[in-house]
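Visitor:
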Amino acid sequence: MAPKKKEEPKPAPVKAPEPERPKTPEFDPTGITLEFTPEQLEDFKDSFQLFDRTPANEMKITYAQCGDLIRALGQNPTNAEIMYVLGKPKAEDMQTKMLDFDQFLPIHQHICKAKDRGTFEDFVEGLRVFDKEGNGTVMGAELRHVLATLGEKMKEDEVEQLMQNQEDANGCINYEAFVKHIMAN
Numbered sequence: 001m002a003p004k005k006k007e008e009p010k011p012a013p014v015k016a017p018e019p020e021r022p023k024t025p026e027f028d029p030t031g032i033t034l035e036f037t038p039e040q041l042e043d044f045k046d047s048f049q050l051f052d053r054t055p056a057n058e059m060k061i062t063y064a065q066c067g068d069l070i071r072a073l074g075q076n077p078t079n080a081e082i083m084y085v086l087g088k089p090k091a092e093d094m095q096t097k098m099l100d101f102d103q104f105l106p107i108h109q110h111i112c113k114a115k116d117r118g119t120f121e122d123f124v125e126g127l128r129v130f131d132k133e134g135n136g137t138v139m140g141a142e143l144r145h146v147l148a149t150l151g152e153k154m155k156e157d158e159v160e161q162l163m164q165n166q167e168d169a170n171g172c173i174n175y176e177a178f179v180k181h182i183m184a185n
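Going by our numbering, the sequence shown wraps up at 185, each residue one higher than the last.
#1: F178 and Q161 - do their beta-carbons sit closer together than 8 angstroms?
#2: With a threshold of 16 other CB atoms inside 10 Å of the CB of H110, please say whether the residue is buried or exposed.
#3: Please report how far the alpha carbon of M163 lies from the alpha carbon of L69, in whole angstroms.
#4: Kindly indicate the opening and closing residues of the beta strand (DSSP E) around T137.
#5: Helix, strand or coil: which one does DSSP assign to I182?
#6: Can you tell me where the alpha helix (DSSP H) holding M163 begins and where it ends?
#7: Whose CA, out of N170, D43, E133 and E121, lies closest to the CA of L105?
#8: Identify, in the order they occur along the chain, each residue of the same chain with its Cβ nearer than 8 angstroms to the Cβ of C172, setting aside the five sequence neighbours on each side.
#9: For D28, which of E133, K45, Q49 and G87 has the nearest alpha-carbon?
#10: Let's see if you can read the secondary structure: which residues bound the beta strand (DSSP E) around D100?
#11: Where does G171 fall in DSSP's three states?
#12: Note the first and the last residue of the continuous beta strand (DSSP E) segment covering A61.
#13: Nearest CA to the CA of M59: which residue from L127, Q103, T33 and V124?
#14: If you draw a straight line from the alpha carbon of K113 to that of F120, how long is it in whole angstroms?
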């Protein structure tokens, strides 16, 4: 029998470079057509003034207040959507950069026109994944963990506020009632 030849180590396969993700175009407020009624505009202006903290009531709010104001006006944008319409500012700019009412309106219009954020059925279906026993409930501790660690993470006090009076004596939550409670607020 002939001696075995030492096998040359094979070169590592060259990884193909990952394709670049398509870039999301920057938000352009000039391309937004305002479709608000005069009554809505008056309501928005009143709400805007409540958020104005400038010394001379200059009709300006900070970038950090923009999401809160839009939520106060009945919309429910994610923080990522707010950051997008603000041009992805740095954290330090959130408290210092200001928006006036005319700059705010196209941002609000864009958020109002954004695609639907989900139906009751969508949310129930998402929570059904955690219903191990198929009885319409999920463990409160597990839901707390999910809300605090996955997706757009919530702070512990936000989770507690959301979960207040939702658990039964066994620490379980009826998720259909929970979704109804959240969507009603």
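Yeah, the Cβ is synthetic: ideal placement off N, Cα and C, and Gly gets one too.
Computed from a predicted structure; not experimentally measured.
Guide: On the basis of the coordinates in this document:
#1: no
#2: buried
#3: 24 angstroms
#4: T137 to M139
#5: helix
#6: E156 to M163
#7: D43
#8: T137, V138, M139 and G140
#9: Ranking E133, K45, Q49 and G87 by Cα distance to D28 puts G87 first.
#10: M98 to D100
#11: coil
#12: Note on identity: in this sequence residue 61 is Ile, with Ala being the wrong assignment. Start and end: K60 to T62.
#13: Looking at the Cα atoms, Q103 is the closest of the given residues.
#14: Cα to Cα, K113 sits roughly 20 angstroms from F120.
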